[in-house]
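Just so you know, the UniProt record's numbering puts 36 at position 36 of the sequence shown, and the rest follows in order with no gaps. Below is one structure; the comments refer to it alone.
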Amino acid sequence: MTHVQTNAEEAVREMLKSMGQLLHMDGQKNGIVTIEGEDFMDDGSVIHLKVCIYSEKGEATFDFSGTSLEVYGNWNAPEAITPAAVIYCIRSLVNLDIPLKQGGLAPVKILIPKGSFLSPSDKAVVVGGNACSQGCMNNLTFGDKTFGYYETIGGGSGVGLPWDGTSGVQCHMTNTRMTGPEIFEQRYPVILHEFVIRARTGGAGLQRGGDGLVRQTEF
Numbered sequence: 001m002t003h004v005q006t007n008a009e010e011a012v013r014e015m016l017k018s019m020g021q022l023l024h025m026d027g028q029k030n031g032i033v034t035i036e037g038e039d040f041m042d043d044g045s046v047i048h049l050k051v052c053i054y055s056e057k058g059e060a061t062f063d064f065s066g067t068s069l070e071v072y073g074n075w076n077a078p079e080a081i082t083p084a085a086v087i088y089c090i091r092s093l094v095n096l097d098i099p100l101k102q103g104g105l106a107p108v109k110i111l112i113p114k115g116s117f118l119s120p121s122d123k124a125v126v127v128g129g130n131a132c133s134q135g136c137m138n139n140l141t142f143g144d145k146t147f148g149y150y151e152t153i154g155g156g157s158g159v160g161l162p163w164d165g166t167s168g169v170q171c172h173m174t175n176t177r178m179t180g181p182e183i184f185e186q187r188y189p190v191i192l193h194e195f196v197i198r199a200r201t202g203g204a205g206l207q208r209g210g211d212g213l214v215r216q217t218e219f
């Protein structure tokens, strides 16, 4: 396991070095590349992020200072959510066939302001993290004393400008795949009668939301 962690760390360091060198051509000096941006929640609360890439070392800092304070509503995020989102983004930039491991965060420092809605107090309400994707319970489990089965069922992802949502997917950080129908029926006492896109359920508009799924199973 140590070798796997080390391999993930080295892969991320090389990616950060390459990205830093690529972006350094835009005129930033001292081998440090700074990228800064912000986004807004529906109530106007700000998520602010400043990323500093240290090209020579292959390291980076993700600084969320300037993010709004926790809110009365129920979409404050537990602090563990932010590192999970960061390593998800970093892994998507590594063009190598490696597993997603904690070593990928070794070259990265994450700064989250206390009291913000990314690091709320114990009294803050935290829920609704996937409100922009399928809004339903999407876990299925069954079994007896001899076996157990568990799966997560995909849905539709939300839209943005200028793209439509994607149908029948696990959105973003879920990172799971469903068991193939043939294996599902071969290994478990079930018949899968239907597994299709649930057409026209994503909603109409300038951009269309992703459609959900129908998965009909007989035990």
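The beta carbon of each residue, even a glycine, is placed where N, CA and C say it ideally should be. Since this is a predicted model, take the numbers as computed values, not measurements.
> Does DSSP classify Ile112 as helix, strand or coil?
Replying inline: In the structure shown, Ile112 sits in coil (DSSP, three-state: anything other than H, G, I, E or B).
>> Quick check on the burial criterion: 16 or more other C-beta atoms within 10 angstroms. Buried or exposed for Ser121?
In response: Exposed, because fewer than 16 other Cβ atoms sit within 10 Å of the Cβ of Ser121.
> What three-state label does DSSP hand Ile98 in the structure shown?
Replying inline: Assigned with DSSP and collapsed to three states, Ile98 falls in coil, not helix or strand.
> Going by other Cβ atoms of all chains shown within 10 Å of its Cβ, with 16 needed for buried, is Asp42 buried or exposed?
Replying inline: With a threshold of 16 other beta carbon atoms within 10 Å, Asp42 falls short and is exposed.
>> In this structure, how does DSSP classify Val4 when only helix, strand and coil are distinguished?
In response: DSSP places Val4 in helix when its eight states are reduced to three.
> Considering Gly91, what are the terminal residues of the alpha helix (DSSP H) in which it resides?
Replying inline: Residue 91 is actually Arg in this sequence, not Gly. Looking at the DSSP string, the run of the alpha helix (DSSP H) that includes Arg91 is 81-93.
> Under a three-way DSSP split, which group does Gln216 fall into?
Replying inline: Looking at Gln216 - three-state DSSP - the assignment turns out to be strand.
>> Counting C-beta neighbours from all protein chains within 10 Å, is the total for Phe62 16 or more, i.e. buried, or is it exposed?
In response: A residue is called buried when at least 16 other Cβ atoms come within 10 angstroms of its Cβ; Phe62 meets this threshold and is buried.
> Quick one: Cα of Glu38 to Cα of Gly73, how far?
Replying inline: One alpha carbon belongs to Glu38, the other to Gly73, and they sit about 20 Å apart.
>> Do Thr67 and Pro99 count as a contact pair if the criterion is CB distance below 8 Å?
In response: Contact: no.
> Under a three-way DSSP split, which group does Lys50 fall into?
Replying inline: Lys50 falls in the strand class under three-state DSSP.
> Does the beta-carbon distance from Gly156 to Gly202 come in below 8 Å?
Replying inline: Between Gly156 and Gly202, the C-beta gap is smaller than 8 Å, which places the two residues in contact.
> Under the three-state reduction of DSSP, which class applies to Glu56: helix, strand or coil?
Replying inline: Three-state result, Glu56: coil.
> Does the Cβ-Cβ distance between Val159 and Gly209 come in under 8 Å?
Replying inline: Cβ atoms of Val159 and Gly209: closer than 8 Å.
>> Measuring straight from C-alpha to C-alpha, what distance separates Cys52 and Gly168?
In response: Using only the alpha carbons, I get a separation of about 36 Å.
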